[in-house]
Amino acid sequence: MAKRRTRLKTEITDNGIRATCLIKHPMETGNRLDSDGNKIPIHYVKYVKFSINGEHVGTLNLGPGVSADPYLSFEIADVKVGDTLALQWEDNRGESDAVERVVK
Amino acid sequence: MQNLCAVAVTWVAGGSGILNSMLANAAPRPDAAFLARDVDTAMMEVLGTREATASDQIKLDAPLQAENGAVVPIEVSTTLPSPESIAVVVPNNPTPLLSVIETTPRTGNYFRMRIKMAGTDNVMVYVKSGGQWYVTSQEVRVAIGGCGG
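Same order as they appear, the protein sequences are chains E and W. Take the first sequence: its position 12, counted from the start at 1, is 12 in my numbering, and no numbers get skipped. Take the second sequence: its position 125, counted from the start at 1, is 1125 in my numbering, and no numbers get skipped.
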């Protein structure tokens, strides 16, 4: 299975951070046809979960209507320099990835 | 084909029900809603209602015109107190529900994502605050649809 890549970066905001992630993923809707006229099966990221120091802070549930290579930003309040931001995602075929960043 | 889809959706809904009862503390993910092909089904599944109050406390930033419907950037911020849940809907897309965000007290005031749009349509953003749904929308004119098929 192809290795999926997840990038995660953080920016400090007024009262916390803005986490931005880029997930390399085709996000197929199941509506498209390949060059032979066959349907390309549906394949999409189902959720992206964020946590700070192990505490869950929010989930972005996605549908197949989110653009290929999802590029998402999400603001999280009350985060200090030195806290650990973790992100975890899973798609409809059970492929998943997780990354961690120390906020600086 | 429609029938087949309906069967698949029912099956997925049933399956997720079992899974959700096992994960008692995890919020249920509305899987069926994400695959629903009409906006009413998706909305009832997620919002439990089609009633929402228009609010100027949700700020939706989307392009007025998009050359390519495959990548339409949207940016949402809200000043509504303690948002509990946020839904992004494009009514005329093949699958109208794009995203449901479950927030905690530390999140929900700002997010940004890129979405696909099948054609010129409204982007609707619903925010639940204090048990009530609020909505804001903006029309995006799309030159080339981005859902394929």
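Cβ atoms here follow ideal geometry from the backbone N, Cα and C, with glycine treated the same way.
With 16 other Cβ atoms within 10 Å as the buried cut-off, status of residue i
i, result
"W/Glu1084", "buried"
"E/Glu75", "buried"
"W/Arg1106", "buried"
"W/Lys1128", "buried"
"W/Ala1054", "exposed"
"E/Ile52", "buried"
"W/Glu1075", "exposed"
"E/Leu33", "exposed"
"W/Asp1031", "buried"
"W/Ile1086", "buried"
"E/Asp36", "exposed"
"W/Ile1058", "buried"
"E/Asn61", "buried"
"E/Gly54", "exposed"
"W/Met1191", "For chain W, the structure presents residues 1001 to 1149; residue 1191 of chain W sits outside this window and is missing."
"W/Asn1093", "buried"
"E/Lys80", "exposed"
"W/Thr1079", "exposed"
"E/Gly58", "buried"
"W/Asp1056", "exposed"
8 Å Cβ shell around residue i - same chain, five flanking residues per side excluded
i, result
"W/Asp1150", "Because chain W spans 1001 through 1149 in this model, residue 1150 of chain W falls outside it and cannot be assessed."
"W/Val1072", "Ala1062, Pro1063, Ala1066, Arg1114, Ile1115, Lys1116, Met1117, Val1123, Val1140, Val1142 and Gly1146"
"E/Thr29", "Ile42, Tyr44, Pro64 and Gly65"
"W/Trp1133", "Leu1047, Thr1049, Glu1051, Ala1052, Thr1053, Tyr1126 and Val1127"
"W/Gly1069", "Lys1116, Met1117, Ala1118, Gly1119, Val1142, Ala1143, Ile1144, Gly1145, Gly1146 and Cys1147"
"W/Pro1081", "Ser1129 and Gly1130"
"E/Thr84", "Ile52, Asn53, Gly54, Glu100, Arg101, Val102 and Val103"
"E/Thr13", "Glu75"
"W/Leu1060", "Ile1074, Glu1075, Val1076, Val1123, Val1125, Thr1136, Ser1137 and Gln1138"
Cross-strand partners of residue i (DSSP beta bridge)
i, result
"W/Ser1077", "W/Lys1059 and W/Tyr1110"
"W/Asp1121", "W/Val1140"
"E/Arg61", "With the sequence shown as reference, residue 61 of chain E is identified as Asn, and Arg is not the correct amino acid for it. Paired residues: E/Tyr47 and W/Val1100."
"E/Ile23", "E/Thr6"
"E/Asp91", "E/Val45"
"E/Thr29", "Answer is none; E/Thr29 lacks a bridge partner."
"E/Glu75", "E/Arg18"
"E/Glu55", "E/Ile52"
"W/Pro1083", "W/Ser1129"
"E/Asn38", "Answer is none; E/Asn38 lacks a bridge partner."
6 Å Cβ shell around residue i - same chain, five flanking residues per side excluded
i, result
"E/Leu8", "Cys21, Leu87, Val99 and Arg101"
"W/Pro1091", "Val1039"
"W/Arg1112", "Glu1075"
"W/Tyr1110", "Ser1077"
"E/Asp78", "Gly16"
"W/Ser1137", "Asn1122 and Met1124"
"W/Gly1108", "Pro1083"
"E/Ala68", "Pro26 and Met27"
"E/Arg18", "Glu11, Ser73 and Glu75"
"W/Ala1033", "Ala1042, Glu1045, Val1046 and Leu1097"
Own chain residues within Cβ distance below 7 Å of residue i, not counting five before or after
i, result
"E/Arg93", "His43"
Chain W contacts from the segment 73–95 of chain E (Cβ-Cβ distance under 7 Å): Cβ contacts with chain W: Ser73, Phe74, Glu75, Ile76, Ala77 and Asp78.
Contact list for the segment 53–74 of chain E against chain W, Cβ threshold 9 Å: Contact annotation: in the segment 53–74 of chain E, residues whose CB is within less than 9 Å of a CB in chain W are Glu55, His56, Val57, Gly58, Thr59, Leu60, Asn61, Leu62, Gly63, Pro64, Gly65, Val66, Ser67, Ala68, Asp69, Pro70, Tyr71, Leu72, Ser73 and Phe74.
Contact residues within the segment 20–37 of chain E, judged by C-beta distance below 9 Å to chain W: Against chain W - using a Cβ distance shorter than 9 Å - the residues of the segment 20–37 of chain E are Thr20, Met27, Glu28, Thr29, Gly30, Asn31, Arg32 and Leu33.
Positions along the segment 1081–1101 of chain W whose CB lies within less than 7 Å of some CB in chain E: So the list reads Val1090, Asn1093, Pro1094, Thr1095, Leu1097, Leu1098, Ser1099, Val1100 and Ile1101, given in the order they occur along the chain.
Interfacial residues, the segment 1109–1128 of chain W to chain E, with Cβ spacing under 7 Å: Listed in sequence order: Asn1109, Tyr1110, Phe1111, Arg1112, Met1113, Arg1114, Ile1115 and Lys1116.
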